[in-house]
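Here the structure is laid out as structure tokens; the discussion comes afterwards.
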Amino acid sequence: MRFNALVRATVISALILAQAGPALAAGDIFASNVIADVAEREGKKVVNIVAQSRGRSVGVPMYDPFLDRLFQFRQNIIPPRRGEGSGVIIDAKGRILTNEHVVEGAEVLKVTLSDGRSYSAKIKGVSHENDLAILEIDDADFKPPFPAENVASLGDSNGLRVGEWVIAIGSPFSLQRTVTAGIVSALGRELHIDSSRQYNNLIQTDASINPGNSGGPLFNIKGEVIGINTAINPMGQGLGFAIPINLAKKISQDIVNYGKVHRSWIGAEVQPMSQLLAKRLGLDRPHGAVITRVVSGGPADRGGLKPRDVVLRLNGTSIDTPSQLVELVQATAADTRVELLILRDGKELTVPVAVGRMGKDSPAGSDDKESARPEPSGFGLMLRTLTGADRQRLGIPGEVSGLLVTQVTEGSRAARLNVQTGDVIYEINGTKVTTLEAFDKLRESLSEADGIVLGIYRGGYWLYVSER
């Protein structure tokens, strides 16, 4: 019996090795010590970061001397704060890539190399939105350049696949040079950790990432940095997240070259895909990013993109969510031409677009003079045509044309669509509506069984809403 069990175990092991793929033809990843080799070689490129703020006294404005003596307000002290994280050396001049939250508010920074040498450092620049920072060693004892063995090689995160092996190196819980390994569990994750930061397009991994790993590198088995470890999910074990290195490369290049981050954009607003909207637009399942608005004169407009186009790929990389598209564009330098695969009227097209720099283009505004006339639509709405006063009061630009929602009946079909007072309805199932008569004609042609997709303008955003 024991012999049969041993035979079965041997056969199963052989099958697993046989299916491991051609990347490690000489043996599996463990037998070849790939992880150990990466850890030994790449660990020299990882630093420990200690960030401190000095303690200080806090006075009370308009304090009363008697109360000051009684309650000792002037003795209030904000104690020194100490944070710790990790970083990776990205060039021979001593620049270090890390998370912004690791060094946020720091007055004193110290970086410790893998060989134990410690240096003072300063912040070169940050991107709060992307939670990235560049540090520079600022110490008289530091003599650049760093040898090549201390400088990390930055890989290509666009080529990552779920199931790939990855290695995290950092200082969790102040335990420097800790190595953990796992796989890429998922791509394109979104995470909302605090009110000021929304993480998009994250790499999810089951490699153990703990407090102190933040800012450290996530390597592939070639020893290339493919992500910057940034977050753990406090609700579950085995859930770590990293910022794709392609975005980090672009941010760091901007900071080094310009001292600030230049935001890339294509001048289009996008939103997620619902089941009904996907069906209306000719998709077999909800995926991609549907364009709701194209900025007049912007990169997308110049490239020929239109509202209702669905972006499926950017330079061959699949787009499953709008946040993926936004992050991929942000990771692309301005004036770079990209190829977008889009779906338009049921047909796939490839559209070249030159990525622009945010702020260079803005939509032109104009006013119009439409009459105001409240009228029930029989759809659970009160609508009227836009007036110049409406535009001024609600901040609706001249490029927006449609019907203003003045009331939504509770429990109505419009309420189920999440239409809100102050919305401007500009489209029903792909047909533009600018008059009450056109709206009612379209509405009357639809039954309860028909699916409805409304194009609306709300608070500066162009959206599609649907019942399912």
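Residues 30 to 497 (this note's numbering) make up the sequence shown, in order.
Cβ coordinates follow ideal geometry from the N, Cα and C atoms, glycine included.
Rounded to whole angstroms, what is the Cα-Cα separation between residue i and residue j?
{"i": "Leu-334", "j": "Val-380", "result": "8 Å"}
{"i": "Arg-442", "j": "Ser-303", "result": "17 Å"}
{"i": "Val-429", "j": "Phe-202", "result": "53 Å"}
{"i": "Leu-189", "j": "Lys-461", "result": "41 Å"}
{"i": "Leu-370", "j": "His-316", "result": "13 Å"}
{"i": "Gly-134", "j": "Trp-294", "result": "29 Å"}
{"i": "Asn-179", "j": "Ile-250", "result": "18 Å"}
{"i": "Ser-200", "j": "Asn-229", "result": "24 Å"}
{"i": "Gly-123", "j": "Ser-149", "result": "11 Å"}
{"i": "Val-208", "j": "Val-299", "result": "39 Å"}
{"i": "Gly-269", "j": "Glu-377", "result": "36 Å"}
{"i": "Phe-408", "j": "Arg-472", "result": "7 Å"}
{"i": "Leu-343", "j": "Arg-309", "result": "22 Å"}
{"i": "Ala-444", "j": "Gly-267", "result": "40 Å"}
{"i": "Lys-172", "j": "Ile-320", "result": "51 Å"}
{"i": "Thr-234", "j": "Ile-255", "result": "12 Å"}
{"i": "Asp-364", "j": "Ser-281", "result": "18 Å"}
{"i": "Thr-450", "j": "Thr-435", "result": "5 Å"}
{"i": "Thr-346", "j": "Asp-374", "result": "22 Å"}
{"i": "Gln-227", "j": "Val-155", "result": "16 Å"}
{"i": "His-157", "j": "Asp-168", "result": "26 Å"}
{"i": "Arg-366", "j": "Val-382", "result": "6 Å"}
{"i": "Val-140", "j": "Asn-239", "result": "19 Å"}
{"i": "Ala-297", "j": "Glu-356", "result": "13 Å"}
{"i": "Glu-71", "j": "Gly-245", "result": "12 Å"}
{"i": "Ala-260", "j": "Thr-438", "result": "43 Å"}
{"i": "Asn-242", "j": "Ser-186", "result": "19 Å"}
{"i": "Trp-491", "j": "Val-285", "result": "35 Å"}
{"i": "Ile-118", "j": "Ala-236", "result": "21 Å"}
{"i": "Val-448", "j": "Gly-480", "result": "15 Å"}
{"i": "Lys-151", "j": "Ile-125", "result": "10 Å"}
{"i": "Ala-195", "j": "Ile-64", "result": "According to the sequence displayed, residue 195 carries Val and not Ala. Roughly 9 Å between the two C-alpha positions."}
{"i": "Met-387", "j": "Val-67", "result": "39 Å"}
Residue i bridges to which residues according to DSSP?
{"i": "Val-494", "result": "Leu-483"}
{"i": "Thr-127", "result": "Ala-162"}
{"i": "Glu-298", "result": "Arg-322"}
{"i": "Gln-233", "result": "Ala-215, Phe-270"}
{"i": "Tyr-148", "result": "Val-140"}
{"i": "Gly-112", "result": "Ala-80"}
{"i": "Glu-377", "result": "Leu-372"}
{"i": "His-221", "result": "Gln-227"}
{"i": "Glu-456", "result": "Lys-461, Gly-484"}
{"i": "Ile-198", "result": "Val-208"}
{"i": "Leu-310", "result": "Answer is none; Leu-310 lacks a bridge partner."}
{"i": "Ser-347", "result": "Arg-342"}
{"i": "Ile-118", "result": "Ile-125"}
{"i": "Val-367", "result": "Val-382"}
{"i": "Gly-317", "result": "In the DSSP output, where bridge partners are listed per residue, Gly-317 has none listed."}
{"i": "Gly-154", "result": "Ile-163"}
With a 10 Å radius around its C-beta and 16 neighbouring C-beta atoms as the bar for buried, classify residue i as buried or exposed.
{"i": "Thr-127", "result": "buried"}
{"i": "Val-191", "result": "exposed"}
{"i": "Arg-121", "result": "According to the sequence provided, residue 121 is Ala. The question's Arg does not apply to it. By the neighbour-count rule (16 or more Cβ atoms within 10 Å), Ala-121 is not buried but exposed."}
{"i": "Pro-176", "result": "exposed"}
{"i": "Glu-368", "result": "exposed"}
{"i": "Arg-322", "result": "buried"}
{"i": "His-130", "result": "buried"}
{"i": "Leu-204", "result": "exposed"}
{"i": "Lys-74", "result": "buried"}
{"i": "Glu-431", "result": "Per the sequence shown, residue 431 should be read as Gly rather than Glu. Buried."}
{"i": "Asp-338", "result": "buried"}
{"i": "Arg-146", "result": "exposed"}
{"i": "Thr-350", "result": "buried"}
{"i": "Ala-283", "result": "According to the sequence displayed, residue 283 carries Asp and not Ala. The residue in question, Asp-283, is buried, as its Cβ has 16 or more Cβ neighbours within 10 Å."}
{"i": "Tyr-493", "result": "buried"}
{"i": "Ser-325", "result": "exposed"}
{"i": "Ser-352", "result": "buried"}
{"i": "Ala-80", "result": "buried"}
{"i": "Gly-288", "result": "exposed"}
{"i": "Arg-218", "result": "buried"}
{"i": "Arg-420", "result": "buried"}
{"i": "Val-340", "result": "buried"}
{"i": "Ser-495", "result": "buried"}
{"i": "Ala-418", "result": "exposed"}
Using a Cβ-Cβ distance cut-off of 8 Å, determine whether residue i contacts chain C.
{"i": "Ser-243", "result": "Annotation note: the requested chain C is absent from the structure, which comprises a single protein chain."}
| request: Could you name each continuous beta strand (DSSP E) segment of 3 residues or more that falls completely within the region 239-276, going from the start of the chain to the end? | output: Inside the region 239-276, DSSP marks whole beta strand (DSSP E) runs of 3 or more residues at positions 246-249, 254-261, 269-273, from first to last along the chain.
| Counting Cβ pairs, one atom from each stretch, are 3 or more of them under 8 Å apart for the region 274-286 and the region 360-378? | Because the criterion of three Cβ pairs below 8 Å is met, the region 274-286 and the region 360-378 touch.
| message | Across the region 150-161 and the region 207-217, are there enough close Cβ pairs to call them in contact, namely three or more that are closer than 8 Å? | response | Here the region 150-161 makes no contact with the region 207-217; the two share fewer than three CB pairs at distances below 8 Å.
| said: Within 8 Å, do at least three Cβ pairs link the region 452-462 to the region 483-491? | reply: Touching, per the Cβ criterion.
| query | Counting Cβ pairs closer than 8 Å, one from the region 408-418 and one from the region 463-470, do we hit at least three? | reply | Touching, yes.
| request: Please go through the region 402-442 and give each complete beta strand (DSSP E) segment of 3 or more residues, from N-terminal end onward. | output: The region 402-442 contains these whole beta strand (DSSP E) runs: 410-414, 432-437.
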